[in-house]
Structure formats: C-alpha cells, structure tokens
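In this text, residue positions in the sequence shown follow the numbering used here: the first is 63, and each later residue adds one.
Below is one structure, written out as structure tokens; comments come after it.
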Amino acid sequence: MESVEVEKEDSGGGNGLACPICYEPLTRIDDSPLYVGSTAGSNLQCNTCNKTYFGNKTHLDLVASSGSKQHDESMPLSTELFRTNVVSFLYERGWRQSFIFGGFPGPEREFDMAKNYLNPVLGGNIVDASCGSGLFSRLFAKSGLFSQVVALDFSENMLQQCYEFIEKEENFPKEKVTLVRADISRLPFKSSSVDAVHAGAALHCWPSPSTAVAEISRVLRPGGVFVATTCILDGPFAFVPFLRTFRQTITGIAGSHIFLSERELEDLCRTCGLVGFTCIRNRLFVMISSRKPS
Ligand SMILES: C[S@@+](CC[C@H](N)C(=O)[O-])C[C@H]1O[C@@H](n2cnc3c(N)ncnc32)[C@H](O)[C@@H]1O
63 MESVEVEKED
73 SGGGNGLACP
83 ICYEPLTRID
93 DSPLYVGSTA
103 GSNLQCNTCN
113 KTYFGNKTHL
123 DLVASSGSKQ
133 HDESMPLSTE
143 LFRTNVVSFL
153 YERGWRQSFI
163 FGGFPGPERE
173 FDMAKNYLNP
183 VLGGNIVDAS
193 CGSGLFSRLF
203 AKSGLFSQVV
213 ALDFSENMLQ
223 QCYEFIEKEE
233 NFPKEKVTLV
243 RADISRLPFK
253 SSSVDAVHAG
263 AALHCWPSPS
273 TAVAEISRVL
283 RPGGVFVATT
293 CILDGPFAFV
303 PFLRTFRQTI
313 TGIAGSHIFL
323 SERELEDLCR
333 TCGLVGFTCI
343 RNRLFVMISS
353 RKPS
C-alpha cells in the first residue's frame, strides 16, 4: 500500500509527527486518522530508521525505545512516579488541587494566564508537554483557539486518564486532539514545526530541564512561544542553610529539580536559545514565558 507522509495530512491530524530517533517525518502505512479514539492499530513508519511506531486505543507510542523486547530502563523517580496507576488516577482527583497551597492559582486561572502569553500564536498548533491527565489539553481543545492540540506525556497511565476524561465529555472536539507518549528529552516533532509549547507544573519533574528546554527550542517555529509553570524556593527558603546541597540531594534521589530563583529560569531559557523571558509569581508558583527568536 502506498505510504502517505504524515506531515501532508493537515486534515488528518498529522501534527508534523517525526521519528524521535532521527527527527525525519513519519509516514503512514494506513490512512486512519490520528485523533483521540482512533489511534488503535495505527502504524507510523520512519523510512530512515526503518522502524514502525504503533498506536493503541488511547495514544500513539513515540518513545525511542518503543517496540524493544529485551531492553528495559527506568527513568528517575520524578518521572516513574507519574507512571503508576494510583498516582495517575489520583492526579485530577485531589493531587493537582493540592498545588494551591504552594500558590498555584488553579487550572482555569492558569489557563487564562497562559492564554495571554499565547496570544501571538493563536490559531496555530500547540503541544501540551507533560500533559498528565490532560487538564490543560482539554481546555486548549475546547477553547477553539488552536488548530491542533498534541497532549504529550511519558506516562501511559496519565494518557489513559486523559483519554477517559475526554471520552466522558459531551461534544468534545476530538478531531483537534492527538494523544502521544513521548519523552520530553526526545520530542517526536520536526524542527521548527510547533507554534506553542505549554508545560504545566512539569519543569521540575523533568530528568534534565536543560535538555528538555533545548528540545522545546528545537521544535518551536521562529516566533513560537513556550509557556510553563513550576515552583521556586526563594524568599524565606533562601535562608535555609545548605539549600544548594539539599537541592543536589533531592535531584540525586528523586530526579526532580528545585529552582531557586527567577534568574535561574531565565538563564535556562536563554541558554537554550529562547528570548524575551517574562514571568508572573505567586508565592512558590511561577508562570514563565519565552519565545524562539523570529
Ligand atoms: C505534576 S504533573 C503535571 C501535569 C499537568 N501538566 C498539570 O499541569 O497538572 C508532571 C507530568 O510530567 C510528566 N513527565 C515526567 N517526566 C517526563 C518525561 N521525561 N517526559 C515527558 N513527561 C514527563 C509526568 O508523567 C506527569 O504527567
């Protein structure tokens, strides 16, 4: 059967998906759409690596190691924790709500704040990176402000939750959303193909924030926008003795990264090729935005 380049299938929800190994565009072996609920049995082929990626009922599996039979590896705890059934189930049933104690305004308000930063790229495509159970992916899709939403996470169970929440919603615009399993350090998109990347409460969970932000910078188009939320331990915490040592210990044990200042986040974005850093603070909570130079 003739292969169809995914990148050409704008109406089919192709989203410019690329091989996470070589970043070349994936081609389709079948012509089923790639929306939520129709990825089961999908085949995506990388003609350079000669590798096929598959979709299941809930998502497309686009991690580099997909299909491996013998090789197995664990990610740091801050990634593995969210792969568990129990945390994925509890996430939108109390876990996420508890973030208000650290100053997170809550998803609806965070969505409104993010929209302000995303204004220059409305109408384009957006990747909700580390989407979890899809709180924001769903809001992005329902807002109608973006042409396509890719809800992306490393956790199969989080994607399962995202799928179930979408299935429960009436009149949800499923054709706008694709659920993708991928590692933030190896994004399955062509370079300069994404208008916006949103990452709610995830920067501190990533195994290497700099590798992740560099990947985000690679996939953003010139003028593309990166918006993210995380926590900063400053203010009274700055007086905690051995804070930097404590941070190294936490990173070593859990893999999560503790940010100590806004300047650190600005530096992270700048060193990864992003410009125009701005941020909004509320106690430990911070929303940051930066963009790819035009
Ligand atoms: C605290 S949750 C945030 C979920 C959602 N964005 C929100 O705002 O509530 C962090 C998410 O990061 C994801 N994550 C952790 N490590 C990752 C990695 N290496 N690649 C992609 N996602 C990752 C986890 O699976 C989890 O869903």
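All residues carry an ideal CB built from backbone N, CA and C; glycine is no exception.
Owing to the predicted nature of the structure, the values given are computational and were not obtained by experimental measurement.
List the residues that DSSP assigns as beta-bridge partners of residue 260. Residue mapping note: residue 260 aligns to position 198 of the sequence shown, counting from 1. Residue 260 is bridged to 190 and 289.
How is the alpha helix (DSSP H) around residue 132 delimited, first residue to last? Within the sequence shown, numbered from 1, the residue matching residue 132 stands at position 70. Where residue 132 is concerned, there is no enclosing alpha helix (DSSP H), given that its DSSP letter is neither H nor E.
Indicate whether the contact test is met: 3 or more Cβ pairs, each with one atom in the region 309-325 and one in the region 224-242, closer than 8 angstroms. no
Determine the closest residue to residue 209 out of 192, 218, 217 and 185, with distance taken between C-alpha atoms. Walking along the sequence shown from the start, residue 209 turns up at place 147. Per the Cα distances, 185.
Taking the alpha helix (DSSP H) that residue 200 belongs to, which residues open and close that run? The residue you call residue 200 lines up with position 138 of the sequence shown. Unbroken alpha helix (DSSP H) run through residue 200: 197-205.
State whether the region 238-249 contacts the region 202-220, with contact taken as three or more CB pairs (one from each stretch) at a distance under 8 angstroms. yes
Status (buried if at least 16 other CB within 10 Å, exposed otherwise) for residue 84: Residue numbering aside, residue 84 sits at position 22 when the sequence shown is read from its first letter. It is exposed - the Cβ of residue 84 has fewer than 16 other Cβ atoms within 10 Å.
Given residue 287, which residues of its chain have a CB within under 7 angstroms of its CB, disregarding the five upstream and five downstream residues? Counted from its first residue, the sequence shown places residue 287 at position 225. Excluding residues within five positions, the ones whose Cβ falls inside 7 angstroms are 179, 180, 182, 183, 258, 351 and 353.
When 126, 96, 135 and 261 are compared against residue 119, the one with the closest alpha-carbon: Taking the first residue of the sequence shown as 1, we reach residue 119 at position 57. Cα-wise, what sits closest to residue 119 is 96.
Under DSSP, the alpha helix (DSSP H) around residue 281 begins and ends at which residues? The sequence position of residue 281 within the sequence shown is 219, counting from 1. Taken as a continuous stretch (DSSP letters only), the alpha helix (DSSP H) holding residue 281 covers 271-281.
For residue 267, verify whether its CB is less than 7 angstroms away from any heavy atom of ligand 1. Locating residue 267 in the sequence shown gives position 205, where the first residue counts as 1. The answer is yes for residue 267.
Beta-carbon contacts of residue 283 that lie in its chain and below 7 angstroms, excluding the five residues immediately before and after: Here residue 283 refers to the residue found at position 221 of the sequence shown. Counting only Cβ-Cβ distances below 7 angstroms, and skipping sequence neighbours, we find 254, 255, 256, 257 and 354.
What residues match up with residue 223 in a beta bridge as DSSP calls it? What you label residue 223 is simply residue 161 of the sequence shown in a count that begins at 1. BP columns for residue 223 are empty, so no partner.
Give the single residue among 339, 324, 245 and 296 whose Cα lies nearest to the Cα of residue 144. The residue you call residue 144 lines up with position 82 of the sequence shown. Nearest option by C-alpha distance: 245.
Is the CB of residue 88 under 8 angstroms away from at least one CB in chain B? Among the chains in the structure shown there is no chain B, since it carries only a single protein chain.
Stretch pair the region 295-306 + the region 256-275: three plus CB contacts closer than 8 angstroms: no
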